[in-house]
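Asks: Sharing a structure with you now.
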C-alpha cells in the first residue's frame, strides 16, 4: 500500500491508546472506526483503537493519544509518514545513526564531531522522518528502545539537541568513526546482534581495506580495466618487476587514510631511483642508485605485511600539478547509484598525494575538466560518472551488504583512461567545504535520508 505523508500531533489522553485520522485517510488505509489495529514505530508495536475525525474530514492531521505516544516511543510531532502493511499501521520511517563518542553534553553531544552530525540531521527537513544519533550502549534490547539524540528547531529559529527515548529504528546508518572504535567489544556485540537477532537493515557497515577492494574487483571484467595492478606485501623482486613495467609505483598502507604513509618511487634512466613521501613535517625526496637501499629505507620503520604496491598512473595535470577526483556517490530512493559530487583534488607542490593536508587544493570537477578538455569536457565527465556508478554497483554486489554511500578516488591518465585508486565506505566530507560545492553537499545529505527510506520500505 502507498505511503501517505501526514502531520502528526499529540492529544492528552493518558488512559486511551488511540489514533485519530480524518475520513479520507481512513478510507485510503482501509480502516474502520473503533477498529483495533497494531501500530508500529521502528521495532516497537502497540495495539491501538482507530478513531475518525469527523470535524476535519479532509485534513492531513493525524493525532495520537499521549498513551500511544509513550508506549511507542514517538519522539516528537510534525511531518511523518503512515503506511498500512497487512494488519499493521506503520508510523515512520525511523532512521538511527550509530556512532561512538556520544556524551551527555547538551551543547556538543558527540564532542568535536557534533557539527558533522548536526549537518547530517538537518537534512531531514521536509523529508518526514524521525532521524537521530545513538551509541551501542544506548540500546535497550529487551524493550526495543533506544536513547537517542535529536536535533529539534526552537521558537527562536535555531536548533537544540534533545535526548529522548524512542523506538529501535527501522534502519541504521553506520558512522562508527574509526577502525579502532570498530574493534571495541560493545560495537562488535551491537553489530552481531543487529544482524543475527533483530533482522534490522544497516548500511555502510564497517570499513574497506585497499587490498580487499582490489581482490573483489580485479576478477570482474566489467570494471577491472579501471583498477591499477596491485600486490600485497611487496618484496624487493616485486618492486623491481613493477618498476620495469611502469617506471613509477606507489606503496600504500592497506588500512591507511588521508594519504598517511604513502611512498612514491620513480625510475629515472641513468640517474637511479627517486623516493618521495611526506613525513609529517614536510615533503621528503631522496635519490638512490640501487633499489636495495631504497627498499631497506622504506621498510626500516614500516611493516611490509601492512603495505601494498600499486601501479603508478601518469595523471593529467593542472598547471603542472597532477590531480585526481573524489567522486561521492549515493543510493537514491529507487535504490539506484547516483553521483552527488565530483571534486578535483590538485596535488600540492612536491606532494606524493593530492590530499589537502599536504598542500593540495579542492575545486569543482567540471571546472578543471572544462579548462583541460574545452568543448569535450562533458563527455569526459560522463565517462568518469559512468565508471563510478559501475564500480559502486560492483563493490556493493561483491561485498554482499547494503551500501548507501561511497567515496571513490579516481583519476584520468594522459591517454584519457579512467582509473579508480581507492574506495571509502566512510567517506569524509571535507570536499564540501568548497563554496561552489554547497549544493552538492545538500544533495548528498538528502540522499542519505532517501536511501534510508528505501531500506525502511517507506
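In our numbering, the protein residues as written are 796 to 1253.
The C-beta atom is built at its ideal place from N, Cα and C for all residues, glycine as well.
Let me make sure I understand the geometry here. Which of 978, 915, 1178 and 1086 has the alpha-carbon closest to that of residue 1227?
Replies: Closest option to residue 1227, Cα to Cα, is 915.
Asks: Any idea what DSSP makes of residue 1105, helix, strand or coil?
Replies: Residue 1105: strand per DSSP, three-state reduction.
Asks: Going by CA-CA distance only, name the one from 909, 815 and 1187 that's closest to residue 849.
Replies: Residue 815 holds the alpha-carbon nearest to the alpha-carbon of residue 849 among 909, 815 and 1187.
Asks: Compare the beta carbon distance of residue 1189 and residue 1017 with 8 Å and say whether it is the shorter of the two.
Replies: yes
Asks: Give the single residue among 1134, 1030 and 1115 whose Cα lies nearest to the Cα of residue 1101.
Replies: 1030
Asks: For residue 835, which residues does DSSP report across the bridge?
Replies: 840 and 885
Asks: CB residue 1176 to CB residue 1160, shorter than 8 Å?
Replies: In this structure, residue 1160 lies closer than 8 Å to residue 1176 by Cβ.
Asks: Out of 964, 1015 and 1014, which has the shortest C-alpha to C-alpha gap to residue 995?
Replies: 964
Asks: Pick out the complete beta strand (DSSP E) segments inside the segment 1045-1113, 3 residues or longer, and give them in chain order.
Replies: 1058-1063, 1067-1073, 1078-1083 and 1102-1106
Asks: Taking DSSP's pairing of strands, which residues face residue 878 in a bridge?
Replies: 885
Asks: What is the rounded straight-line gap between the Cα of residue 809 and the Cα of residue 888?
Replies: The straight-line gap from Cα to Cα measures roughly 24 Å.
Asks: Alpha carbon to alpha carbon, how far is residue 1135 from residue 1065?
Replies: 46 Å
Asks: According to DSSP, what are the bridge partners of residue 847?
Replies: In the DSSP output, where bridge partners are listed per residue, residue 847 has 816.
Asks: For residue 910 and residue 928, what's the separation of their Cα atoms in angstroms?
Replies: Whole-angstrom Cα-Cα distance: 13 Å.
Asks: Quick check on the burial criterion: 16 or more other C-beta atoms within 10 angstroms. Buried or exposed for residue 991?
Replies: Classification for residue 991: exposed.
Asks: What residue range is occupied by the uninterrupted alpha helix (DSSP H) comprising residue 857?
Replies: Counting along the chain, residue 857 falls outside any alpha helix (DSSP H), though it belongs to the beta strand (DSSP E) covering 856-860.
Asks: Kindly confirm or deny that the segment 1106-1122 and the segment 1036-1056 touch, where touching means at least three C-beta pairs closer than 8 Å.
Replies: They touch, by the three-pair rule.
Asks: Cα separation between residue 932 and residue 869?
Replies: 20 Å
Asks: I'd like the list of long-range same chain contacts for residue 1219, defined as Cβ closer than 6 Å, with 5 residues on each side in sequence excluded.
Replies: Contacts found: 1202.
Asks: Can you check DSSP and say which residues form a bridge with residue 962?
Replies: 940
Asks: Say whether the segment 1004-1016 touches the segment 1069-1087, bearing in mind that this needs 3 or more beta-carbon pairs closer than 8 Å, one atom from each stretch.
Replies: no
Asks: By the DSSP assignment, the beta strand (DSSP E) with residue 1135 in it spans what residues?
Replies: 1132-1141
Asks: Is the distance from the Cβ of residue 970 to the Cβ of residue 894 below 8 Å?
Replies: Cβ atoms of residue 970 and residue 894: closer than 8 Å.
Asks: Within its chain, find whatever has a CB closer than 7 Å to the CB of residue 1178; leave out the 5 residues flanking it on each side and keep chain order.
Replies: 1213
Asks: Name the DSSP beta bridge partners of residue 1200, please?
Replies: 1125
Asks: Of the residues 934, 1004, 1191 and 1117, which one's Cα is nearest the Cα of residue 1049?
Replies: 1004
Asks: May I ask which residues mark the beginning and end of the beta strand (DSSP E) holding residue 1243?
Replies: No beta strand (DSSP E) holds residue 1243; the alpha helix (DSSP H) holding it covers 1233-1250.
Asks: From the DSSP secondary-structure annotation, give me the bridge partner or partners of residue 1219.
Replies: 1202
Asks: In angstroms with no decimal places, state the Cα-to-Cα distance between residue 813 and residue 998.
Replies: Put simply, the backbone Cα of residue 813 is about 34 Å away from that of residue 998.
Asks: Give every residue of the same chain whose Cβ lies closer than 7 Å to the Cβ of residue 864, excluding the five residues on either side of it in the sequence, and list them in chain order.
Replies: 805
Asks: Would you list the residues sitting across from residue 787 in a DSSP beta bridge?
Replies: Residue 787 lies beyond the residue range present for the chain, which begins at 796 and ends at 1253; the question has no answer from this structure.
Asks: Going by DSSP, what residues sit across from residue 800 in a beta bridge?
Replies: 876
Asks: Quick one: Cα of residue 937 to Cα of residue 948, how far?
Replies: 31 Å
Asks: For residue 1020, does the count of other Cβ atoms within 10 angstroms reach 16, so buried, or fall short, so exposed?
Replies: For residue 1020, the number of other beta carbons within 10 angstroms of its own is below 16, and it is reported as exposed.
Asks: Can you tell me whether residue 1000 is buried or exposed? The criterion is at least 16 other CB atoms within 10 Å of its CB, across all chains shown.
Replies: With 16 or more Cβ atoms within 10 Å of its Cβ, residue 1000 is classed as buried.
Asks: Enumerate in chain order the residues of its own chain whose CB-to-CB distance from residue 1035 is below 7 Å, with the five nearest sequence positions on each side excluded.
Replies: 1086
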